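Read left to right, the sequence shown gives residues 185 to 664 (the numbering used here).
Glycine included, every Cβ here is placed at the ideal spot set by N, Cα and C.
Just so you know, these numbers come straight off a predicted model, no measurement behind them.
Everything below concerns the one structure shown next.
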Amino acid sequence: VEFWPKEDKTRKTFKKMSKNGMIQKVDLYQIWEQKEFCQILPFKEYIFDMLIHLDIVSEQRRYDTKTGNRLPVEHFFVPCMLTQRNDTDFLLQECTPERTVSLAFVFKGTIIPPALPNRLICACLSMWTLKQYRGRKLMFSGFVGLSVDKEHDIVVCVEGNKILLHLVHKRSKGLIIPDIATSVRDCLFVTLERISEFYQSSIHCKASSKLPFHTEYSCSKLNCFTSEHKMVSEAEECFCEHGENIKTNWSIWNKKREQNQCDANCPGLSEDALSQIPSDKELFRLSVNCETRMLHDLALHLGMEEMVWNDMEYNYTGNAQLVKFFTLMHLKENDEIRFTEVDNGLREMEITQHKLCVVRRIKQVKSSIPDDILDCIPSDEILDRLSPLIGKIVFQLGIELGLSVEEIESIKEKYDRDLTAQNKEVLFTWRKDRTVKPTIRVLEQVFVNIGKGVRCLKEVVKDVDPNTLTAVEMVTGNTI
């Protein structure tokens, strides 16, 4: 602070940045107008773009909630300027052993150069949505909280020579989807690798095949870590000093690609996961993976009357998928079943309880759509062109996109017999919710999950210019 300029406006800018880590472009240019920066001022746009490219500054992207088009970027994140430490109770209240799995990227030495985690945080802000907790943005010095989807949050924070990664499930860590955990771990690992290589090259170090960090995995204590090297050397079990098998958490972070079946040593859902009430999306995924006759027998075993099943078949004639889904929804709403009742029913019927493991699994996407398209929010035109291509799967589409059954039923009633209008309303309703960034990548995953495939999406976006999607559009609608 003692080295800050004494000029009021510049000092206020620095003070604001140190508190919330944000700056406007006009304020940065005003700083560069000082005589010390006169030589770089003519190249200010290029230098600013380079700061973004190097993950020193990150855009706070805003989108019009009606059209999905990018709005002018007014604010930018500058994590390296933050001095405010995390003073929330988010870690205490949300990152609990019952809901969290953790790992650590451990660096040589006793501390990590601040520039490295700051660049990592900046990169994270460009990949996921900054989380708000009790009205406050979770971005502090060496700490950031982000939303991956409506069920999974992540926290990246620095402690000594460790960069900790916490993955938090809304209800239970036993319901964390390993594909998501593995994807998050891979993203951060590759980003740290890239940043480390950049710093090595900038100080003219010889390129080394040995990384300056290694990965360690925690047990349920969240502060007890075991090196990845020990994981590789052990077979099926690897116990920490508390006697816990770390391989259980390790397997969540390291799911094998294309793995659609449980491992031979899979224990099924954990006790805590079994005690949870299934979400609509989890019931949908279960229904997709159950044969109609088996689910009929399971429903009757759990107390449903045959007449209720017959009514389901009558109400959804010719749509076995919806019959199965609404049968499970009926059991949830009327009998308040939890996973444990379903698990017990499967065991009593001598059906493998691993049927339930599908709720922790998402289908693999083999994408040929460019990343710069996938990471954009779909425009009105894209959604308009997609709507007539989706067909009679409005419920499946809505559930996977996170809409409630009530919302979908209201849409079906509002646009009775008009499939295109129903699908369009579902897509536009999903896009309005900005808890998590509603990207084309999300749509791609959903289409694969519901068995639609990505051909129609690929066809719609094949001629789209990413610059058009991200172009600044002066709109006055509601924004985030």
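Residue range of the beta strand (DSSP E) that includes residue i
i, result
"residue 206", "206-208"
"residue 154", "Here the chain covers residues 185 to 664 and nothing more, so residue 154 does not appear."
"residue 340", "336-343"
"residue 227", "Neither: residue 227 is in no beta strand (DSSP E) and is coded neither H nor E."
"residue 260", "259-261"
Residue from the options whose Cα sits closest to the Cα of residue i
i, options, result
"residue 431", "565, 444 and 411", "411"
"residue 318", "359, 481 and 278", "278"
"residue 568", "232, 603 and 544", "603"
"residue 539", "370, 469 and 489", "469"
"residue 209", "231, 638, 556 and 639", "231"
"residue 623", "235, 506 and 558", "558"
"residue 588", "449, 510 and 283", "510"
"residue 584", "572, 561 and 626", "626"
"residue 380", "640, 646, 222 and 298", "298"
"residue 296", "310, 343, 264 and 331", "343"
"residue 201", "594, 268, 361 and 503", "268"
"residue 216", "193, 616, 556 and 478", "193"
"residue 472", "349, 512 and 353", "512"
"residue 516", "234, 545, 463 and 196", "463"
"residue 349", "548, 458 and 401", "401"
"residue 336", "204, 362 and 320", "362"
"residue 360", "283, 375 and 339", "283"
"residue 280", "352, 544 and 566", "352"
"residue 580", "645, 467 and 561", "467"
"residue 562", "425, 649 and 446", "649"
"residue 450", "488, 423 and 433", "433"
Bounding residues of the alpha helix (DSSP H) (the contiguous stretch that carries residue i)
i, result
"residue 329", "Looking at the DSSP string, residue 329 is not in any alpha helix (DSSP H); the run it does join, the beta strand (DSSP E), is 327-331."
"residue 617", "From DSSP, residue 617 is part of no alpha helix (DSSP H); its letter is neither H nor E."
"residue 568", "564-574"
"residue 295", "Run containing residue 295: none; DSSP gives neither H nor E here."
"residue 353", "Counting along the chain, residue 353 falls outside any alpha helix (DSSP H), though it belongs to the beta strand (DSSP E) covering 346-353."
"residue 277", "274-277"
"residue 444", "Taken as a continuous stretch (DSSP letters only), residue 444 belongs to no alpha helix (DSSP H), as it is neither H nor E."
"residue 471", "464-472"
"residue 621", "From DSSP, residue 621 is part of no alpha helix (DSSP H); its letter is neither H nor E."
"residue 270", "Segment: none, residue 270 is in no alpha helix (DSSP H) and carries neither H nor E."
"residue 218", "Premise fails: residue 218 is in no alpha helix (DSSP H) and is neither H nor E."
"residue 527", "523-532"
"residue 508", "504-519"
Simplified DSSP state of residue i, which is helix, strand or coil
i, result
"residue 399", "strand"
"residue 599", "coil"
"residue 485", "helix"
"residue 249", "Per-residue confidence for residue 249 stands at a pLDDT of 49, beneath the threshold of 50, marking its modelled position as unreliable; no derived number is given."
"residue 426", "coil"
"residue 549", "coil"
"residue 496", "helix"
"residue 320", "strand"
"residue 643", "helix"
"residue 285", "strand"
"residue 594", "helix"
"residue 435", "helix"
"residue 411", "strand"
"residue 314", "strand"
"residue 242", "strand"
"residue 200", "helix"
"residue 657", "Low confidence applies here, because residue 657 scores a pLDDT of 30, under 50, leaving its location unreliable; read the following figure in that light. Note: residue 657 maps to coil in three-state DSSP."
"residue 561", "coil"
"residue 374", "helix"
"residue 193", "helix"
"residue 662", "Summary for residue 662: the model assigns pLDDT 36, below 50, so the residue's position carries little reliability; its value from the coordinates is reported in the next sentence. Note: residue 662 maps to coil in three-state DSSP."
"residue 461", "coil"
"residue 404", "coil"
"residue 264", "helix"
"residue 578", "helix"
"residue 636", "coil"
"residue 608", "helix"
Whole-Å CB distance - residue i paired with residue j, under 8 angstroms assumed
i, j, result
"residue 607", "residue 574", "4 angstroms"
"residue 369", "residue 437", "5 angstroms"
"residue 308", "residue 452", "That pair is no contact at about 33 angstroms."
"residue 262", "residue 207", "5 angstroms"
"residue 578", "residue 610", "6 angstroms"
"residue 613", "residue 591", "7 angstroms"
"residue 288", "residue 347", "7 angstroms"
"residue 242", "residue 310", "5 angstroms"
Proximity test, Cβ basis, 7 angstroms: residue i and chain B
i, result
"residue 310", "You won't find chain B in this structure, because it holds only one protein chain."
Heavy atom of the ligand PLP within 6 angstroms of residue i beta-carbon
i, result
"residue 503", "Annotation note on the ligand PLP: not contained in the displayed structure, which lists no ligands."
Exercise. Indicate whether the contact test is met: 3 or more Cβ pairs, each with one atom in the stretch 547-563 and one in the stretch 513-521, closer than 8 angstroms.
Key: Contact fails between the stretch 547-563 and the stretch 513-521, because fewer than three Cβ pairs, one in each stretch, are under 8 angstroms apart.
Quiz item: Are at least three pairs of beta-carbons, each pair with one atom in the stretch 323-341 and one in the stretch 266-274, less than 8 angstroms apart?
Solution: Taking 8 angstroms as the limit for Cβ pairs, the verdict is that the stretch 266-274 does touch the stretch 323-341.
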